[in-house]
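Heads up, this note's numbering is the position in the sequence shown plus 98, with the first residue counted as 1. Just below is one structure, and these are the notes that go with it.
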Amino acid sequence: MFVKRMAGAGLTRLDATLVFEALSMACPSVAAFLSIHNMCAAMIDKFGSDLLRKKYLPKALSMETFFSYCLTEPGSGSDAAALKTKGDKSNLDYSLTGTKAFISGGGYSDAYIIMARMGDDDTKGITAVIVDDGAVGLTFGGLEDKMGWRSQPTRQVQMDECKTPIENLLGEEGKGFSYAMAGLDGGRLNIAACSLGAAQQAFDQTRAYMAERKAFGKTIDKFQALQFRLADIEIELQSARTFLRHAAWKLDNGAPDATHFCAMAKKLVTDMGSKVANDCLQLHGGYGYLADYGIEKIVRDLRVHQILEGTNEIMRIIVARGLST
Ligand SMILES: Cc1cc2nc3c(=O)[nH]c(=O)nc-3n(C[C@H](O)[C@H](O)[C@H](O)COP(=O)(O)OP(=O)(O)OC[C@H]3O[C@@H](n4cnc5c(N)ncnc54)[C@H](O)[C@@H]3O)c2cc1C
Numbered sequence: 099m100f101v102k103r104m105a106g107a108g109l110t111r112l113d114a115t116l117v118f119e120a121l122s123m124a125c126p127s128v129a130a131f132l133s134i135h136n137m138c139a140a141m142i143d144k145f146g147s148d149l150l151r152k153k154y155l156p157k158a159l160s161m162e163t164f165f166s167y168c169l170t171e172p173g174s175g176s177d178a179a180a181l182k183t184k185g186d187k188s189n190l191d192y193s194l195t196g197t198k199a200f201i202s203g204g205g206y207s208d209a210y211i212i213m214a215r216m217g218d219d220d221t222k223g224i225t226a227v228i229v230d231d232g233a234v235g236l237t238f239g240g241l242e243d244k245m246g247w248r249s250q251p252t253r254q255v256q257m258d259e260c261k262t263p264i265e266n267l268l269g270e271e272g273k274g275f276s277y278a279m280a281g282l283d284g285g286r287l288n289i290a291a292c293s294l295g296a297a298q299q300a301f302d303q304t305r306a307y308m309a310e311r312k313a314f315g316k317t318i319d320k321f322q323a324l325q326f327r328l329a330d331i332e333i334e335l336q337s338a339r340t341f342l343r344h345a346a347w348k349l350d351n352g353a354p355d356a357t358h359f360c361a362m363a364k365k366l367v368t369d370m371g372s373k374v375a376n377d378c379l380q381l382h383g384g385y386g387y388l389a390d391y392g393i394e395k396i397v398r399d400l401r402v403h404q405i406l407e408g409t410n411e412i413m414r415i416i417v418a419r420g421l422s423t
């Protein structure tokens, strides 16, 4: 975690790419789940008041408590700024009404960072607040039945005049959208690192498998056509890794083009991860299709990395925008 004052590990985003790469070699679904919690904790650290940091971070950092990030709604995903969850303020609390869709950790987490509309219909009308599990008016949809990421729950988060105390405002009113986007810079690096680690794991398993599996009187790693495919994968993995570390370094150092690089890294590495995992499945032949060999799980888990935290089409939009300024 990235919180020095609250006794976190004090690691950088660059460090985090190594941590999430390593974790996802065991399970990309669990690693990615942790990465969303990590993104939320980093948002509280960066934008939260001292009171909020003291209230939430110590237990978040030791992972006694877990956080979810709630931006997407049934009617707005890529166009996140069109969100409709409405927030009203009284002297004592905020009252939220609306539905968040696809929330990782929905119904499981101890608290939710909710982006809600409290002002005009533009990004400046959006405010971020933290809602505790058990808050009045907070309920959850059914468990989504997903292709991958099956180790972690995804549910709708529903709010009907859901109350959260005024102190649970994250940062300043009207800045919630910029906090949500800033959180995603780091989140996109984390997700990319999860694709990288899982793809590396698939590759390592595939090389071991090919050294044992025989066809036409020799092990299949002796066929030059397949050696060339392994060489291509090695080049893809190493170049993606180098680019990811570079983007993380940019974010750590506050480079003006850090968002541009985080978007490029997310697209490049998650596309590469899915392609490599799929290639590894092919190199296993029919056995790659069987659950026992573990490769099909990696293919299923990595697919969503091309969709969430901004689809890879949206990553191209961010990159193109950077080119025109
Ligand atoms: C398993 C899972 C977990 C998730 N976890 C969370 C979470 O914890 N918190 C959260 O807030 N959200 C979460 N999401 C939501 C995720 O971020 C959204 O699904 C994603 O942003 C895409 O939004 P959408 O599904 O509404 O697709 P849409 O926005 O409807 O997009 C549909 C298609 O159109 C494309 N498209 C849209 N606009 C453009 C454009 N201008 N130009 C080109 N192409 C475009 C998209 O790339 C996509 O291919 C999760 C999603 C999944 C599947």
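A virtual CB, placed ideally from N, CA and C, is assigned to each residue, including glycine. Since the model is a prediction, treat every value here as computed from it, not as a measurement.
Tell whether a beta-carbon distance below 8 Å holds between residue i and residue j.
{"i": "Ile134", "j": "Leu155", "result": "no"}
{"i": "Lys261", "j": "Val234", "result": "yes"}
{"i": "Asp231", "j": "Ser207", "result": "yes"}
{"i": "Phe130", "j": "Leu159", "result": "It should be noted that the sequence gives Ala, not Phe, for residue 130. Not a contact, by the Cβ cut-off of 8 Å."}
{"i": "Leu81", "j": "Ala297", "result": "With the chain covering 99 to 423 only, the question about residue 81 has no answer from this structure."}
{"i": "Gly146", "j": "Leu268", "result": "yes"}
{"i": "Thr357", "j": "Ser293", "result": "no"}
{"i": "Ala214", "j": "Ile224", "result": "yes"}
{"i": "Met137", "j": "Gly285", "result": "yes"}
{"i": "Val128", "j": "Ser249", "result": "yes"}
{"i": "Ala226", "j": "Ala278", "result": "yes"}
{"i": "Met44", "j": "Arg398", "result": "Shown here, the chain extends from 99 to 423; a query on residue 44 therefore has no answer."}
{"i": "Asp355", "j": "Gly408", "result": "no"}
Nearest to residue i by alpha carbon, out of the options?
{"i": "Asp319", "options": "Asp191, Met308, Arg414", "result": "Met308"}
{"i": "Arg339", "options": "Ala291, Ala356, Arg286", "result": "Ala291"}
{"i": "Phe164", "options": "Gly386, Phe341, Ser202", "result": "Ser202"}
{"i": "Gln299", "options": "Asn376, Thr252, Ala233", "result": "Asn376"}
{"i": "Ser166", "options": "Leu132, Lys182, Leu150, Lys187", "result": "Leu132"}
{"i": "Leu276", "options": "Phe314, Gly285, Gln322, Lys222", "result": "Looking at the sequence shown, residue 276 is not Leu but Ser. Looking at the Cα atoms, Lys222 is the closest of the given residues."}
{"i": "Asp330", "options": "Ser293, Val374, Lys157, Thr368", "result": "Val374"}
{"i": "Leu241", "options": "Thr225, Val229, Val255, Ala214", "result": "Val255"}
{"i": "Leu366", "options": "Cys378, Ser337, Ala389, Gly384", "result": "Ser337"}
{"i": "Ala209", "options": "Gly217, Met216, Phe238", "result": "Phe238"}
{"i": "Arg327", "options": "Ser174, Leu379, Ser422", "result": "Leu379"}
{"i": "Phe301", "options": "Gly386, Ser174, Leu181, Pro172", "result": "Gly386"}
{"i": "Ser176", "options": "Leu282, Gly352, Asp186, Leu150", "result": "Leu282"}
{"i": "Cys96", "options": "Asp186, Lys157, Leu194", "result": "Because the chain here runs from 99 to 423, residue 96 falls outside it and cannot be looked at."}
{"i": "Thr115", "options": "Lys152, Ile289, Ala389", "result": "Ile289"}
{"i": "Arg111", "options": "Ile416, Asn351, Leu388", "result": "Asn351"}
{"i": "Gly108", "options": "Leu181, Lys144, Asp148", "result": "Lys144"}
{"i": "Lys152", "options": "Leu121, Val117, Gly106, Ala124", "result": "Gly106"}
Do you know offhand how far residue i's Cα is from residue j's?
{"i": "Asp243", "j": "Lys316", "result": "42 Å"}
{"i": "Met362", "j": "Gly295", "result": "18 Å"}
{"i": "Ala179", "j": "Ile412", "result": "13 Å"}
{"i": "Phe100", "j": "Glu310", "result": "Unreliable placement is indicated for Phe100, whose pLDDT of 44 sits below 50; no coordinate value is reported for it."}
{"i": "Gln303", "j": "Leu287", "result": "24 Å"}
{"i": "Glu270", "j": "Ala306", "result": "53 Å"}
{"i": "Phe359", "j": "Asn266", "result": "32 Å"}
{"i": "Gln404", "j": "Trp247", "result": "13 Å"}
{"i": "Tyr391", "j": "Lys364", "result": "27 Å"}
{"i": "Asp220", "j": "Lys198", "result": "18 Å"}
{"i": "Ala346", "j": "Phe200", "result": "27 Å"}
{"i": "Lys102", "j": "Glu259", "result": "Residue confidence for Lys102 is low, a pLDDT of 46 falling below 50, so the modelled location carries little weight; the figure read from the coordinates is stated next. Roughly 36 Å separates the two Cα atoms."}
{"i": "Gly217", "j": "Ser188", "result": "14 Å"}
{"i": "Phe314", "j": "Ile333", "result": "28 Å"}
{"i": "Asn410", "j": "Ala418", "result": "12 Å"}
{"i": "His344", "j": "Ala120", "result": "18 Å"}
Measure how close the beta-carbons of residue i and residue j come, nearest whole angstrom, since I'm counting them as under 8 Å.
{"i": "Pro126", "j": "Ile396", "result": "7 Å"}
{"i": "Gly204", "j": "Pro251", "result": "6 Å"}
{"i": "Ile212", "j": "Thr170", "result": "About 11 Å; that fails the 8 Å criterion."}
{"i": "Leu400", "j": "Gly371", "result": "5 Å"}
{"i": "Leu381", "j": "Leu324", "result": "7 Å"}
{"i": "Met257", "j": "Gly173", "result": "Not really, about 15 Å apart at Cβ, beyond 8 Å."}
Is residue i near ligand 3, judged by its Cβ being under 7 Å from some heavy atom?
{"i": "Phe200", "result": "Ligands in the displayed structure: ligand 1; ligand 3 is not one of them."}
Going along the chain, which unbroken runs of the alpha helix (DSSP H) with 4 or more residues stay wholly within the region 252-333?
Entirely contained in the region 252-333, the alpha helix (DSSP H) runs reaching 4 residues are, in chain order, 274-308.
In chain order, which continuous runs of the alpha helix (DSSP H) of length 4 or greater are located wholly inside the region 356-394?
356-381
Runs of alpha helix (DSSP H) wholly within the region 148-224 (minimum 4 residues, chain order)
Counting only runs of 4 or more, we get 148-159.
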